[in-house]
Amino acid sequence: MITQEQRREGINKISRLPGQLRELVQNLSAEQLTTPYLAGEWTVAQNVHHVADSHMNSYIRVKLILTEAHPTLKPYDQDAWAELADADGSNLETSLLILEGLHRRWVALFESLDEAQWRRAGLHPENGEMTVADFVEVYAAHGEAHLDQIRRTLAAQPRV
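For the sequence shown, position 6 (counting from the first letter as 1) is numbered 9 according to the numbering used here, and the numbering increases by one without interruption.
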């Protein structure tokens, strides 16, 4: 179990992520957003849309854990989702707006929890048992990993 201080830092990271993503991508061209500069990696746009998809799923999973007795948490094929038309385009505004609203709600939910709620758990078929506290740790790191992936992708673009 993570400490209260680690939870607070994770919640802060989750709170900051939408603004960090917006700042990172706001001045990019459609070409920069949709060009796969790194082999085997998603485009910048796919990364942003994926974070919205992933964090929506995780928010729902947290709510299921808080309202059901040890629920099974449904996985999804993130690579298949990243290939769908809504996750491939350069218009990021909808995903950024989703993340801004979703993260405000997620942070408010996290800040309302008591110790017993932090320990509630569900079963993820691929990842095993996950507590609500695990979600803070995992998704704070998930957001940072995608910020890093976007930065690496942009660094790999050819210099003109």
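A virtual CB, placed ideally from N, CA and C, is assigned to each residue, including glycine.
Burial state of ARG107, where buried means 16 or more other Cβ atoms lie within 10 Å
By 1-based counting over the sequence shown, the position of residue 107 is 104. ARG107 comes out exposed.
Below 8 Å, can you find three or more Cβ-Cβ pairs linking the segment 149–158 to the segment 23–31?
Flag = yes, the segment 149–158 and the segment 23–31 touch.
Please report how far the alpha carbon of GLU140 lies from the alpha carbon of GLU118, in whole angstroms.
Counting from one through the sequence shown, the residue named residue 140 turns up at place 137. Counting from one through the sequence shown, the residue named residue 118 turns up at place 115. Using only the alpha carbons, I get a separation of about 16 Å.
Assuming MET59 and ILE101 are in contact, meaning their beta carbons sit under 8 Å apart, how far apart are those beta carbons, in whole angstroms?
By one-based count along the sequence shown, residue 59 stands at place 56. By one-based count along the sequence shown, residue 101 stands at place 98. 7 Å between Cβ atoms; contact.
Hey, does ILE17 have any beta-carbon neighbour from chain B nearer than 9 Å?
Structure shown: chain B not included; a single protein chain is present.
Compute the Euclidean distance between the alpha carbons of ALA143 and LEU126, then round it to the nearest angstrom.
For the purposes of this step, residue 143 is taken as residue 140 along the sequence shown, with counting starting at 1. For the purposes of this step, residue 126 is taken as residue 123 along the sequence shown, with counting starting at 1. Distance between ALA143 and LEU126, taken at the CA atoms: about 20 Å.
Look up GLY125 in the DSSP assignment and give the residues it is bridged to.
In the sequence shown, residue 125 corresponds to position 122, counting from 1. Answer is MET133, bridged to GLY125.
Distance check for LEU31 and LEU157, CA to CA, integer angstroms please.
In the sequence shown, the residue the question calls residue 157 occupies position 154. In the sequence shown, the residue the question calls residue 31 occupies position 28. If I take the Cα positions, the gap works out to 10 Å.
Are the CB atoms of VAL65 and VAL135 within a distance shorter than 9 Å?
Residue mapping note: residue 135 aligns to position 132 of the sequence shown, counting from 1. Residue mapping note: residue 65 aligns to position 62 of the sequence shown, counting from 1. Yes, the Cβ-Cβ distance between VAL135 and VAL65 is below 9 Å.
Give every residue of the same chain whose Cβ lies closer than 7 Å to the Cβ of PRO78, excluding the five residues on either side of it in the sequence, and list them in chain order.
On the sequence shown, residue 78 is found 75 positions in, with the first residue counted as 1. Take PRO78, set aside five residues on each side of it, and the residues of its chain with a beta-carbon closer than 7 Å to its own are HIS127, PRO128, GLU129, in chain order.
Boundaries (first-last residue) of the alpha helix (DSSP H) holding ARG11
Numbered from its first residue, the sequence shown carries residue 11 at position 8. Counting along the chain, the unbroken alpha helix (DSSP H) around ARG11 starts and ends at 7–28.
Which term fits ARG10, buried or exposed, when burial requires 16 or more other beta carbons within 10 angstroms of its beta carbon?
Indexing the sequence shown from 1 puts residue 10 at position 7. With 16 or more other Cβ atoms inside 10 Å of its own Cβ, ARG10 counts as buried.
Determine the extent of the alpha helix (DSSP H) in which ALA55 is found, giving its start and end residues.
Against the sequence shown, residue 55 aligns to sequence position 52. Element bounds for ALA55: 47–70.
Reduced DSSP secondary structure (H/G/I, E/B, other) of THR38:
The sequence position of residue 38 within the sequence shown is 35, counting from 1. DSSP, read as helix, strand or coil, puts THR38 in coil.
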